[in-house]
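Its first residue numbered 1, the sequence shown is counted upward by one per residue in the numbering used here. Where is the CB? At the ideal position from N, CA and C, for every residue including glycine. Since we're looking at a predicted model, the values are computed, not measured.
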Amino acid sequence: MIRRLLIFLIAAVGTIWILRRLAAGIRGERCGQSRGAPRFEGAMVRDRICSTFLPRSRALLVRDGAEEHFFCSQACRDAYLSRHRPAR
Ligand SMILES: [Zn+2]
């Protein structure tokens with residue numbers, strides 16, 4: 001009787017373990033590239049046009065003399081340039 005209970009327990013634990021692995025596999029998408037949590041390399045910078053924060057490595061950079069401005073997209077960069085550098 002006790003042996004049956006033990007076998008049942010082991011089977012139950014094994015099933016839970018397999019289900020957990022499967023669930024983790026579906027969520028975690030192989031190695032490294034998880035959809036949920038984006039990876040931020042380096043510092044965060046702020047787009048001064050739309051006020052979005054984004055990783056510096058993904059931002060578009062405009063140098064304005066000694067200043068550096070970061071933008072989330074071409075559209076924001078163009079908006080900035082049209083406002084601040086109408087001549088070019
Ligand atoms: Zn933007």
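Remark: the C-beta of residue 73 is in contact range of ligand 1, defined as less than 8 Å to any heavy atom. Boundaries of the alpha helix (DSSP H) harbouring residue 77: 74-84, taken from the DSSP string. Taking 8 Å as the cut-off, the C-beta of residue 78 does not count as close to any heavy atom of ligand 1. According to the DSSP assignment, residue 64 belongs to the beta strand (DSSP E) that extends over 60-64.
In this structure, the alpha-carbon of residue 76 lies about 8 Å from that of residue 47.
Checking the 8 Å criterion, the Cβ of residue 47 is within range of a heavy atom belonging to ligand 1. Relative to ligand 1, the beta carbon of residue 15 is positioned no closer than 8 Å to any heavy atom. Sixteen is the threshold: since fewer than 16 other Cβ atoms of the shown chains lie within 10 Å of the Cβ of residue 53, the residue is exposed.
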